[in-house]
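> All the letters of the sequence shown, read from the start, carry residue numbers 8 to 122 under my numbering.
For each residue, glycine too, the CB sits at the ideal point set by N, CA and C.
The structure that follows is given in the form of structure tokens.
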Amino acid sequence: QVQFVESGGGLVQAGGSLNLSCAASGSTFGRNVMGWYRQAPGNQRELVAGISSGGQRNYADSVNGRFTISRDNTKYIVTLQMYSLKPEDTAVYYCYVDTYARRYWGQGTQVTVSS
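What follows is the structure, given as structure tokens:
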């Protein structure tokens, strides 16, 4: 059974920074992509950033240049460094792992950016 431990969410003022961390366990994922989606109230879940096991990164246009994603392949840990946060970044952030077979989701962590 795949399990996730997410941490790092919270409340921050606009312009501030937060780091999210996610550790996945319970399976050997093989070649995979790990990353983060987010969902604000009333909105669809959207991709924030992803990073492949080979190190290829992709970012949503709205966060490119402000967020940095990285991973530790030995431990299936993915981190998201978020800088220059804006109120519109407020959402529940969900960690995910994409394998050849399916996508796994974390439980989500709240990020709130006050103006």
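Are there three or more Cβ pairs, one per stretch, closer than 8 Å when the segment 46–54 is compared with the segment 17–37?
These segments do not touch.
> Quick check: what's the CA-CA separation for Thr-35 versus Val-85?
Approximately 15 Å between the Cα atoms of the pair.
> Under DSSP, the beta strand (DSSP E) around Tyr-107 begins and ends at which residues?
That residue, Tyr-107, is in no beta strand (DSSP E); it is neither H nor E in DSSP.
> Answer with buried or exposed for Gly-33, where buried requires no fewer than 16 other C-beta atoms within 10 angstroms of its C-beta.
Counting Cβ neighbours within 10 Å, Gly-33 comes out exposed, since fewer than 16 surround it.
> Which residues in the same chain as Gly-16 place their Cβ atom closer than 6 Å to its Cβ, once the five residues preceding and following it in sequence are excluded?
Closer than 6 Å at the Cβ level, and outside the excluded window around Gly-16, lie Thr-116, Gln-117 and Val-118.
> Using only the alpha-carbon positions, how far apart do Gly-57 and Ser-91 sit?
If you take the alpha carbons of Gly-57 and Ser-91, they lie about 19 Å apart.
> Going by alpha carbons, who is nearest to Thr-97 out of Leu-87, Gln-10, Leu-18 and Gly-62?
Selected option, being the one with the closest Cα: Leu-18.
> In terms of alpha-carbon separation, which member of Ser-14, Gln-10, Ala-21 and Val-9 lies closest to Pro-94?
Checked all of Ser-14, Gln-10, Ala-21 and Val-9; the closest Cα to Pro-94 is Ala-21.
> From the DSSP output, in three-state form, read off Asp-79 for me.
Strand.
> Thinking Val-40 and Val-55 are a contact (beta carbons under 8 Å), I'd like their distance in whole angstroms, please.
With 8 Å as the limit, Val-40 and Val-55 do not qualify as a contact, their Cβ atoms being about 13 Å apart.
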